[in-house]
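*Asks:* For reference, the structure I am asking about is given below.
Numbering (UniProt numbering), first residue to last: 1 to 224.
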């Protein structure tokens, strides 16, 4: 039996705890916490060889596979269906951006750049109303509504990527509020100060090795 491929540890335990404490009424957040817990158990099983309880592998089904029979389920459906109508292209694009950024952690990034993505969404979306006002309305009501809706998918993708970072629990990891949390360079134990050779720290000797006042030139031999 081939072992199951387990993704690398990307602060899974810290994120799982944050998601579990902030899931509130949202079942899709509980599902995220269960998936992270499953990855943690699989990783521990590979490292230690211990057998985990199979009952812990049960994960809640995705939201589109759960009928909205409860008020919580109905609230989830309203939120997610509204997001699907408002950002049908921005949502999948933002999710793809979120996955690409996550792949950079922890090798190149030390955390998820939530602040950078949210501010980028605001920066891209702020001038769009002015741009649409300068271009003028369309010939019909459909074109007048479709143009802003299509243009809004760009900031919606960045906004979705930032919201995915919050939903995945990256606020619990240091650096998520930075603009671009680069991984610090590795520490270097040996520091080169540029000296060619070490300084001679040998102290003076106890016994004199030479005269303080050397004698003058020897007297030349007299010629006979």
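Note that the Cβ used here is the ideal one computed from N, Cα and C, for glycine as well. Keep in mind the model is a prediction, meaning the values are calculated, not measured.
#1: Under the assumption that residue 15 contacts residue 172 (Cβ atoms under 8 Å), give the Cβ distance between them as a whole number of angstroms.
#2: Cβ of residue 174 within 8 Å of Cβ of residue 111?
#3: From this set, 8, 7, 18, 78, which residue's C-alpha is nearest residue 168's C-alpha?
#4: Apart from the five residues just before and just after residue 121, which ones in its own chain have a Cβ nearer than 6 Å to its Cβ?
#5: What's the gap between the Cα of residue 89 and the Cα of residue 8?
#6: Would DSSP call residue 109 helix, strand or coil?
#7: Which class does residue 182 belong to by DSSP, given the choice of helix, strand or coil?
#8: Taking only the alpha-carbon atoms, compute the straight-line gap between residue 116 and residue 202 and give it to the nearest angstrom.
#9: How is residue 169 classed by DSSP in three states: helix, strand or coil?
#10: Please list the terminal residues of the continuous alpha helix (DSSP H) segment that includes residue 23.
#11: Inspect the beta-carbon positions of residue 147 and residue 132 and report whether they are closer than 8 Å.
#12: Please report the residue range of the alpha helix (DSSP H) in which residue 77 lies.
#13: Below 6 Å CB to CB, which residues in the same chain sit around residue 93 once its five sequence neighbours on both sides are set aside?
#14: Hey, how far is the Cα of residue 74 from the Cα of residue 60?
#15: Would you call the CB atoms of residue 153 and residue 87 closer than 8 Å?
#16: Which residue marks the beginning of the alpha helix (DSSP H) containing residue 33, and which one marks its end?
#17: Whose C-beta lies closer than 6 Å to the C-beta of residue 128 among residues of the same chain, with five residues either side of it excluded?
*Replies:* So, from the listed chains and residues:
#1: Yes, residue 15 and residue 172 are in contact; Cβ-Cβ is about 6 Å, under 8 Å.
#2: Judged by their CB atoms, residue 174 and residue 111 are nearer to each other than the 8 Å cut-off.
#3: Nearest option by C-alpha distance: 18.
#4: 155, 158, 159, listed in sequence order.
#5: Going from the Cα of residue 89 to the Cα of residue 8 covers about 29 Å.
#6: In the structure shown, the three-state DSSP call for residue 109 is strand.
#7: DSSP places residue 182 in strand when its eight states are reduced to three.
#8: Take the alpha-carbon of residue 116 and the one of residue 202: they are about 57 Å apart.
#9: Here residue 169 sits in coil by DSSP.
#10: First-last for residue 23: undefined, no H or E at that position.
#11: Contact: yes.
#12: Per DSSP, residue 77 belongs to the alpha helix (DSSP H) from 71–86.
#13: Cβ within range, chain order: 157.
#14: The straight-line gap from Cα to Cα measures roughly 16 Å.
#15: Taking 8 Å as the Cβ cut-off, residue 153 and residue 87 qualify as a contacting pair.
#16: Annotation for residue 33: the continuous alpha helix (DSSP H) segment containing it runs 27–48.
#17: Apart from the 5 residues on each side of it in sequence, residue 128 sits with its Cβ closer than 6 Å to the Cβ of 151 in its chain, given in chain order.
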